[in-house]
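Down below is the structure, laid out as structure tokens.
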Amino acid sequence: MSAPGPNPAVADGAGPVQQPAGPGPSPWDDAVLAATLMTVDPAGTGGVCVRALPGPVRDQWLSIMRDLQPEGTPMRRVPLHVSDGRLLGGLDLAATLSAGRPVAERGLLVEADGGVVELAMAERIAPGTAARLTMAFDSGEVVLERDGLTMRTPSKFAVVALDEGVGEDEGLLNALLDRLAFQLELSNIRVHEAIACDYDVDDILAARARLSGVSIKEEQIEALCGIALALGIPSLRASIFAARVARAHAALEDRAEVTDEDLAVAGRLVLAPRATQLPPMEPPPDEPPPPEPEQDQDQDQNQSNEQQEPEELEDQILEATQAAIPAGLLAQLQMGKLRRSKSRATGKAGAMQNAPSRGRPAGVLRGEPRHGQRMNVVETLRAAAPWQRLRREERARVGQHSTRIEVRQDDFRITRFKHKSETTTIFMVDASGSSALHRLSEAKGAVELLLADCYVRRDKVALVAFRGKEAEVLLPPTRSLVRAKRSLAGLPGGGGTPLASGIDLGMLMADSIQRRGGTPVLILMTDGRANVARDGTGGRARAGEEATAAARAVRALEITSLLIDTSPRPRQEGRELAQEMGATYLPLPHADATSLNQAVRATTQ
Numbered sequence: 000m001s002a003p004g005p006n007p008a009v010a011d012g013a014g015p016v017q018q019p020a021g022p023g024p025s026p027w028d029d030a031v032l033a034a035t036l037m038t039v040d041p042a043g044t045g046g047v048c049v050r051a052l053p054g055p056v057r058d059q060w061l062s063i064m065r066d067l068q069p070e071g072t073p074m075r076r077v078p079l080h081v082s083d084g085r086l087l088g089g090l091d092l093a094a095t096l097s098a099g100r101p102v103a104e105r106g107l108l109v110e111a112d113g114g115v116v117e118l119a120m121a122e123r124i125a126p127g128t129a130a131r132l133t134m135a136f137d138s139g140e141v142v143l144e145r146d147g148l149t150m151r152t153p154s155k156f157a158v159v160a161l162d163e164g165v166g167e168d169e170g171l172l173n174a175l176l177d178r179l180a181f182q183l184e185l186s187n188i189r190v191h192e193a194i195a196c197d198y199d200v201d202d203i204l205a206a207r208a209r210l211s212g213v214s215i216k217e218e219q220i221e222a223l224c225g226i227a228l229a230l231g232i233p234s235l236r237a238s239i240f241a242a243r244v245a246r247a248h249a250a251l252e253d254r255a256e257v258t259d260e261d262l263a264v265a266g267r268l269v270l271a272p273r274a275t276q277l278p279p280m281e282p283p284p285d286e287p288p289p290p291e292p293e294q295d296q297d298q299d300q301n302q303s304n305e306q307q308e309p310e311e312l313e314d315q316i317l318e319a320t321q322a323a324i325p326a327g328l329l330a331q332l333q334m335g336k337l338r339r340s341k342s343r344a345t346g347k348a349g350a351m352q353n354a355p356s357r358g359r360p361a362g363v364l365r366g367e368p369r370h371g372q373r374m375n376v377v378e379t380l381r382a383a384a385p386w387q388r389l390r391r392e393e394r395a396r397v398g399q400h401s402t403r404i405e406v407r408q409d410d411f412r413i414t415r416f417k418h419k420s421e422t423t424t425i426f427m428v429d430a431s432g433s434s435a436l437h438r439l440s441e442a443k444g445a446v447e448l449l450l451a452d453c454y455v456r457r458d459k460v461a462l463v464a465f466r467g468k469e470a471e472v473l474l475p476p477t478r479s480l481v482r483a484k485r486s487l488a489g490l491p492g493g494g495g496t497p498l499a500s501g502i503d504l505g506m507l508m509a510d511s512i513q514r515r516g517g518t519p520v521l522i523l524m525t526d527g528r529a530n531v532a533r534d535g536t537g538g539r540a541r542a543g544e545e546a547t548a549a550a551r552a553v554r555a556l557e558i559t560s561l562l563i564d565t566s567p568r569p570r571q572e573g574r575e576l577a578q579e580m581g582a583t584y585l586p587l588p589h590a591d592a593t594s595l596n597q598a599v600r601a602t603t604q
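So the sequence shown is numbered by numbering that gives the first Met the number 0: it starts at 0 and just counts up by one.
Dropping the structure here:
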């Protein structure tokens, strides 16, 4: 997707910045074109990820997308916490009880066959829901195996994922994002730029009729694959989507064959937003060899032209695609700081955990309502419904009176709840050496700033200090700002560095928090130079080995951790210790309380 106004300057990776000639399509034009092409080939393109907060621009785009759908196209909106029964289908309880036999109810994905599924707040979608969507994408059918039913129903649809995430770390799951051809960013589009669409339903129907007859050459497919490789796109789906989008654009423009213009559109809309690197600069061409005899010159020239055509085509499309890389992404690529996509990690603060009676509903389980668990009456009746005829016949055979509905112990279903675990940030502060007082003042300020947020985030803070020959718990887990200030006041510094003892004590506290269902986060502030062993004796070699062993134990527990190097200059000891802990390394020789608090927030979010 292009940036507003003229295309941004693009660096070739080593040489000077180059400026493409001429303005390109606006971001809004590309967004509308993506909606149009998705409507031309909904199942082939997979859909669109729209990253924008709710507002008039996003509403206008959704209105255009809906208006482009032919009459009778099913449109289904999937809420954030949709149940499996509503998503995939299941047992229709009322119809089953009335008919005396299992009657299936269609889910949203089956109802959306041939249409569009809208995902609300897609950045927060549960991994299980995303997995069911991707299964339907890959197989082209919805598989139902629940409530005593087994069904396979064909269903092909496009997904419009509304991503309202803020920041780089909050976004659509990669497994789902990879299956959508288009990735749109509407946040920087102003209201007056969101104008109407030039296409209508008749154009869509005509393009769909022509789509099957549109051909694409092998060298054009090779060019798209080469562009994807040059931009560092690892997924093969990107090249497949680009070819399908090129064919859809050719059909929309009433062409029977894909042209360079169609390839440029595909590169701009599909490949540019997925770029992870800038194409490397090509080396200067070698000096041409001496001319061959005249009788072979024409033949060699023809062969050379045939060999250069695919390369020239790829270069042309690559130039257009490179010019369409979004401005924010372009800056990251030029600096070499692109955040590689990664799956959601476990062990982060506020992780979801099972709970017997509090939190939000997260499905049902077979079992009896014990230990404060709640029976789910509707799901219990749903489990009992398919067996009513057999149970009535069984009671009639033994001469017992038949009830209208017979519920047995095996039918009991209890509601499963999930809630966010309580987060405790444990500071492990190296209070040894001449600069201990300075580091402790930083820790005090950071703890106070974190405690100020505890009322909103419901987090706790603890403090472990180590100096001399041992470590001690200076502040147990608490939300009390007054207690924290009293505990921090007057802590003396100096002496040796019992680093292993400090890590051990923090790890024991973190393990205790984990066993109680909480989520610990370890913040280790040290220079990494241990000189006191666990038994209080001196010796850097032994103390270093014990500190390394303690760090590995933290990593084995998979505890989220951050190591802040408090040395005047970043040292190798701190980097190696962070690597052994599996911790994020942050060199912070001249920190203040505010910057330290920001680092802690980045780790715990």
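For each residue, glycine too, the CB sits at the ideal point set by N, CA and C.
Keep in mind it's a predicted model, so treat the numbers as computed, not measured.
Within 7 Å, strictly: CB atoms of residue i and residue j
{"i": "Leu504", "j": "Ala461", "result": "no"}
{"i": "Leu96", "j": "Ala384", "result": "yes"}
{"i": "Ile425", "j": "Pro272", "result": "no"}
{"i": "Thr44", "j": "Ala180", "result": "yes"}
{"i": "Ala582", "j": "Leu562", "result": "yes"}
{"i": "Ser238", "j": "Cys224", "result": "yes"}
{"i": "Leu36", "j": "Val244", "result": "yes"}
{"i": "Met506", "j": "Val553", "result": "yes"}
{"i": "Glu140", "j": "Arg151", "result": "yes"}
{"i": "Leu228", "j": "Leu270", "result": "no"}
{"i": "Glu378", "j": "Phe411", "result": "no"}
For residue j and residue i, believed in contact at Cβ under 8 Å, the rounded distance
{"i": "Val116", "j": "Leu107", "result": "7 Å"}
{"i": "Ala546", "j": "Ala529", "result": "4 Å"}
{"i": "Ser566", "j": "Met580", "result": "Incorrect: roughly 17 Å between the Cβ atoms, too far for contact."}
{"i": "Gly88", "j": "Ala111", "result": "With a Cβ gap of about 12 Å, Gly88 and Ala111 do not count as contacting."}
{"i": "Asp534", "j": "Asp429", "result": "Contact doesn't hold; Cβ gap of about 19 Å is too wide."}
{"i": "Gly501", "j": "Val463", "result": "6 Å"}
{"i": "Gly495", "j": "Gly537", "result": "7 Å"}
Where the beta strand (DSSP E) through residue i begins and ends
{"i": "Arg105", "result": "Ala103 to Arg105"}
{"i": "Cys196", "result": "First-last for Cys196: undefined, no H or E at that position."}
{"i": "Ile563", "result": "Thr559 to Asp564"}
{"i": "Leu182", "result": "Reading off the sequence shown, one finds Gln at residue 182, where the question assumed Leu. Here the beta strand (DSSP E) through Gln182 covers Phe181 to Glu184."}
{"i": "Ala121", "result": "That residue, Ala121, is in no beta strand (DSSP E); it is neither H nor E in DSSP."}
{"i": "Met374", "result": "That residue, Met374, is in no beta strand (DSSP E); it is neither H nor E in DSSP."}
{"i": "Val553", "result": "Not the beta strand (DSSP E): Val553 falls in the alpha helix (DSSP H), residues Arg539 to Ala555."}
{"i": "Val244", "result": "It is not in any beta strand (DSSP E) - Val244 instead sits in the alpha helix (DSSP H) that spans Leu235 to Leu251."}
{"i": "Pro385", "result": "Here Pro385 belongs to no beta strand (DSSP E), and DSSP marks it neither H nor E."}
{"i": "Arg273", "result": "Run containing Arg273: none; DSSP gives neither H nor E here."}
Exposure label - residue i; buried when at least 16 CB within 10 Å
{"i": "Ala540", "result": "exposed"}
{"i": "His248", "result": "buried"}
{"i": "Arg338", "result": "The predicted position of Arg338 is uncertain, since its pLDDT is 38 and thus under 50; no value can be drawn from it."}
{"i": "Gln306", "result": "With a pLDDT of only 40 at Gln306, under the threshold of 50, the placement of this residue in the model should not be trusted, and no figure is reported."}
{"i": "Ala499", "result": "buried"}
{"i": "Glu421", "result": "buried"}
{"i": "Gly543", "result": "buried"}
{"i": "Val77", "result": "buried"}
{"i": "Gln182", "result": "buried"}
{"i": "Ser303", "result": "Confidence at Ser303 is low in this model, with a pLDDT of 42, below 50, so the placement of that residue should be treated as unreliable; the coordinate-derived value is given next. Result: exposed."}
{"i": "Val376", "result": "exposed"}
{"i": "Gly398", "result": "exposed"}
{"i": "Arg482", "result": "exposed"}
{"i": "Leu268", "result": "buried"}
{"i": "Glu392", "result": "exposed"}
{"i": "Thr345", "result": "Unreliable positioning characterises Thr345 in this predicted model, as indicated by a pLDDT of 37, which lies under 50. A coordinate reading is not provided."}
{"i": "Thr402", "result": "exposed"}
{"i": "Val257", "result": "buried"}
{"i": "Glu184", "result": "buried"}
{"i": "Asp197", "result": "exposed"}
{"i": "Thr149", "result": "exposed"}
Delimiting residues of the alpha helix (DSSP H) encompassing residue i
{"i": "Gln41", "result": "The displayed chain sequence assigns Pro, not Gln, to residue 41. From DSSP, the alpha helix (DSSP H) with Pro41 extends over Pro41 to Thr44."}
{"i": "Phe426", "result": "From DSSP, Phe426 is part of no alpha helix (DSSP H) but of the beta strand (DSSP E) over Thr422 to Asp429."}
{"i": "Ala582", "result": "That residue, Ala582, is in no alpha helix (DSSP H); it is neither H nor E in DSSP."}
{"i": "Ile63", "result": "Pro55 to Asp66"}
Any 3 or more C-beta pairs closer than 8 Å across the stretch 201 to 219 and the stretch 158 to 165:
Judged by Cβ distances under 8 Å, the stretch 201 to 219 makes no contact with the stretch 158 to 165, as fewer than three pairs qualify.
Spell out a yes or no on whether the stretch 172 to 186 and the stretch 125 to 133 are touching, meaning 3 or more CB-CB pairs, one atom from each, closer than 8 Å.
Yes, they touch.
Are the stretch 215 to 232 and the stretch 25 to 39 in contact at 8 Å, needing three or more beta carbon pairs?
No, they do not touch.
Three or more C-beta pairs below 8 Å linking the stretch 191 to 199 and the stretch 73 to 87:
With a cut-off of 8 Å on Cβ pairs, the stretch 191 to 199 is not in contact with the stretch 73 to 87, counting fewer than three such pairs.
Contact between the stretch 145 to 161 and the stretch 44 to 58 is defined here as three or more beta-carbon pairs at a separation below 8 Å; is this criterion met?
In this structure the stretch 145 to 161 touches the stretch 44 to 58; the number of beta carbon pairs closer than 8 Å is three or more.
Quick test of the definition: if touching needs 3 or more C-beta pairs under 8 Å, does the stretch 83 to 94 touch the stretch 52 to 69?
As far as the Cβ criterion goes, the stretch 83 to 94 does not touch the stretch 52 to 69, which means the pair count is below three.
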